[in-house]
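Novice: In the numbering used here, the protein residues as written are 349 to 917. The C-beta atom is built at its ideal place from N, Cα and C for all residues, glycine as well. Take a look at the following structure, please.
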């Protein structure tokens with residue numbers, strides 16, 4: 349087995365982090381007591397610092413999220429939102445926290461139909477992607493506070509401390525952040541805060557305005573960002589930018605606790621994200637088809653890659669047709685996963701040749717989505733395992749790089765409204781086709797592909813995994829998990845390995861240029877009728893493989909595609 353770095357047992361392992369400029373980064377390491385895997389070395393280090401001080405996985409996950417918002421503002425932060433899957437070892441319980449952004453109360457299904465106007469040059473400039481109208485009500489501050497309050501062992505102010513220090517003292521700009529900054533430079537220059545950032549690779553960047561926010565967050569708690577002066581300022585800036593989010597929208601925001609999806613497949617219990625994510629459903633249906641076709645013993649090769657690509661087409665169609673905010677739309681998950689439906693899709697996927705995506709369209713006998721009874725999401729993923737065996741899998745985002753590309757109260761605001769359907773049949777920034785259940789509406793949460801996942805064997809967690817990368821999140825997460833658990837790869841090699849991606853529409857099989865798939869495999873897939881398209885990479889995955897025998901070991905990996913590095917002891 350191959351490892352890029354093996355940490356020595358002891359406190360020195362806490363310093364096992366690589367350079368942040370994209371030079372030589374140690375992206376895989378072995379720990380015994382605890383581990384954090386994030387997509388930035390300083391964020392992993394922040395989480396490990398909390399664990400070294402006696403905090404648990406919830407405290408460390410919150411600290412890592414906060415640090416990511418400082419050092420990786422293109423991907424996540426207090427102006428965004430996400431999902432957290434938390435396993436409490438003491439209680440043997442799993443909790444899924446939905447702190448996804450939601451639409452303002454004034455949102456309407458046709459809000460983007462006539463919203464075109466002049467925009468600065470640069471990519472992702474549609475009204476749902478840039479400016480005030482693109483901003484949903486942020487959920488990350490509430491998610492952090494809920495995670496610490498319900499499961500943490502430290503004070504919120506202690507958890508915030510590492511991120512506050514990074515914001516005040518500064519950090520080295522990574523090559524990944526510099527590259528994204530260059531792509532969106534013209535738009536960032538329109539913001540009074542981001543226009544002052546020096547995003548040259550290797551430059552030192554301090555964030556004093558965010559440090560001010562973090563100090564207030566630490567002193568006054570989460571209410572400062574939702575019902576205090578910071579919240580008022582945030583709402584005022586969004587309005588000034590042409591948005592519809594109000595101070596009352598912030599005051600009304602709540603984290604939702606949901607029941608995670610789970611299934612027993614290939615001898616493991618897979619626990620993952622429920623709606624409003626379609627990612628967990630996509631993964632579980634794909635794995636169910638693969639288990640059926642392979643007889644439970646998959647062998648890596650062109651036939652498996654072909655079947656895997658085929659197995660994703662149907663769930664992505666279902667995403668368009670049936671998925672929306674579960675508070676307003678009832679998703680017929682049982683019918684979507686019915687044995688008869690799975691058998692039909694498995695029979696198609698088992699064929700020798702690629703099928704057109706439309707072949708997997710198996711409409712349910714269902715004319716329109718019923719309403720549910722009302723109750724009274726650039727992205728980052730992180731994994732944490734602590735001494736007690738608690739596990740946190742968290743995916744958090746501002747959606748596209750730098751979100752809506754403006755700051756409010758020093759916070760980079762999300763452009764999560766682009767995850768709604770701008771119109772039925774219209775693709776979003778990731779090429780995902782919009783369906784009627786996912787049209788914008790008052791206080792709705794948009795459909796996501798984020799898939800924080802924990803896999804269990806004999807009742808014990810053995811893998812924490814998840815990814816960033818839009819529509820490619822779920823396919824990358826699934827492939828890394830299969831590499832570790834079904835193909836016996838060490839975690840470092842499992843994350844390094846080439847990935848494929850298919851999302852139904854466009855009907856193309858994507859492969860990576862950063863980790864090219866073997867030419868013989870590509871040739872075989874073409875011969876089966878797959879239209880292959882090369883893209884730079886397929887998501888960025890963080891994972892911790894938990895080995896319990898003969899002794900406890902934590903194989904932590906941060907994806908080299910984003911120059912991350914894990915930390916721990």
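Considering Cα atoms alone, identify which of 880, 875, 742, 669 is closest to residue 825.
Specialist: Among 880, 875, 742, 669, the Cα nearest to that of residue 825 belongs to 742.
Novice: Please list, in chain order, all residues of the same chain as residue 587 whose beta carbon is under 8 Å from its beta carbon, the five residues on each side excluded.
Specialist: Only 480, 593, 594 meet the Cβ criterion.
Novice: To the nearest angstrom, how far is the alpha carbon of residue 568 from that of residue 575?
Specialist: Distance between the alpha carbons of residue 568 and residue 575: 11 Å.
Novice: Can you say whether residue 393 is buried or exposed, counting buried as having 16 or more other CB atoms within 10 angstroms of its CB?
Specialist: The residue in question, residue 393, is buried, as its Cβ has 16 or more Cβ neighbours within 10 Å.
Novice: Per DSSP, what kind of secondary structure is residue 430 in: helix, strand or coil?
Specialist: Residue 430: strand per DSSP, three-state reduction.
Novice: Name the residue from 639, 658, 841 whose alpha carbon lies nearest to the alpha carbon of residue 374.
Specialist: Comparing Cα-Cα distances from residue 374 to each of 639, 658, 841, the minimum goes to 841.
Novice: Tell me whether the beta-carbon of residue 851 lies closer than 8 Å to the beta-carbon of residue 660.
Specialist: In this structure, residue 660 lies closer than 8 Å to residue 851 by Cβ.
Novice: Considering only the beta carbon of each residue, do residue 414 and residue 408 sit closer than 8 Å?
Specialist: No, the pair does not count as a contact, with Cβ atoms beyond the cut-off.
Novice: Taking residue 487 as the reference, which of 513, 600, 397 has the closest Cα?
Specialist: Residue 600 is the option with its Cα nearest to residue 487.
Novice: Whole-angstrom Cβ separation of residue 671 and residue 795, contact assumed at under 8 Å?
Specialist: With a Cβ gap of about 5 Å, residue 671 and residue 795 count as contacting.
Novice: Taking only three categories from DSSP, how would you classify residue 903?
Specialist: Residue 903: strand per DSSP, three-state reduction.
Novice: For the beta strand (DSSP E) containing residue 814, name the first residue and the last one.
Specialist: Taken as a continuous stretch (DSSP letters only), the beta strand (DSSP E) holding residue 814 covers 808 to 816.
Novice: For the ligand SAM, is there any heavy atom lying closer than 7 Å to the beta carbon of residue 732?
Specialist: Inclusion of the ligand SAM in the displayed structure is not the case, the ligand content being empty and no account of it being possible.
Novice: Is it the case that the segment 781 to 795 contacts the segment 760 to 771, given that we only count it when at least three CB pairs across the two stretches are under 8 Å?
Specialist: Yes, they touch.
Novice: What residues in its chain sit with their C-beta under 6 Å from that of residue 818, if we drop five residues either side in the sequence?
Specialist: If we look at residue 818 and ignore the five residues flanking it on each side, its Cβ neighbours are 778.
Novice: Mind checking who residue 916 pairs with in its DSSP beta bridge?
Specialist: Note: residue 916 sits in a beta bridge opposite 383.
Novice: Whole angstroms are fine: how far does the CA of residue 530 sit from the CA of residue 759?
Specialist: Distance between the alpha carbons of residue 759 and residue 530 is about 20 Å.
Novice: Enumerate in chain order the residues of its own chain whose CB-to-CB distance from residue 862 is below 8 Å, with the five nearest sequence positions on each side excluded.
Specialist: For residue 862, where only same-chain residues beyond five positions count, the Cβ hits under 8 Å are 884, 885, 909.
Novice: How far does the alpha helix (DSSP H) with residue 535 in it reach, from first residue to last?
Specialist: Element bounds for residue 535: 533 to 536.
Novice: Skipping 5 residues on each side, what residues in its chain have a beta carbon closer than 7 Å to that of residue 835?
Specialist: Closer than 7 Å at Cβ, skipping near neighbours: 648.
Novice: Mark residue 712 as exposed unless 16 or more other C-beta atoms lie within 10 angstroms of its C-beta, in which case mark it buried.
Specialist: Flag for residue 712 reads exposed.
Novice: Tell me where the alpha helix (DSSP H) around residue 571 begins and ends.
Specialist: First-last of the alpha helix (DSSP H) with residue 571: 571 to 574.
Novice: Over what stretch of residues does the beta strand (DSSP E) that includes residue 805 continue unbroken?
Specialist: That run of the beta strand (DSSP E) goes 801 to 805.
Novice: If you follow the alpha helix (DSSP H) that residue 654 is part of, which residue opens it and which one closes it?
Specialist: It spans 650 to 670 - the alpha helix (DSSP H) in which residue 654 sits, taken as one unbroken run.
Novice: What does the alpha-carbon distance come out to for the pair residue 888 and residue 460?
Specialist: Whole-angstrom Cα-Cα distance: 30 Å.
Novice: Compute the Euclidean distance between the alpha carbons of residue 700 and residue 830, then round it to the nearest angstrom.
Specialist: Distance between the alpha carbons of residue 700 and residue 830: 22 Å.
Novice: Please state whether DSSP places residue 750 in a helix, a strand or coil.
Specialist: Coil.
Novice: Which one of 633, 653, 389 has the shortest CA to CA distance from residue 666?
Specialist: Looking at the Cα atoms, 633 is the closest of the given residues.
Novice: Quick one: is residue 552 buried, meaning 16 or more other Cβ sit within 10 Å of its Cβ, or exposed?
Specialist: The residue in question, residue 552, is exposed, as its Cβ has fewer than 16 Cβ neighbours within 10 Å.
Novice: May I ask you to report which of helix, strand or coil DSSP gives residue 552?
Specialist: Three-state DSSP puts residue 552 in a strand.
Novice: Sort 434, 678, 489 by Cα distance to residue 623 and report the nearest one.
Specialist: Looking at the Cα atoms, 678 is the closest of the given residues.
Novice: Out of 668, 377, 890, which one is the CA nearest neighbour of residue 786?
Specialist: Nearest of 668, 377, 890 to residue 786, Cα basis: 668.
Novice: CA-CA distance, residue 693 and residue 401?
Specialist: Cα-Cα distance, rounded: 50 Å.
Novice: Taking all protein chains shown into account, decide if residue 683 is buried (16 or more other Cβ within 10 angstroms of its Cβ) or exposed.
Specialist: Looking at its Cβ environment, which holds fewer than 16 other Cβ atoms inside 10 Å, residue 683 is exposed.
Novice: Name the DSSP beta bridge partners of residue 504, please?
Specialist: Paired residues: none, contrary to the question.
Novice: Considering only the beta carbon of each residue, do residue 418 and residue 914 sit closer than 8 Å?
Specialist: No, the pair does not count as a contact, with Cβ atoms beyond the cut-off.
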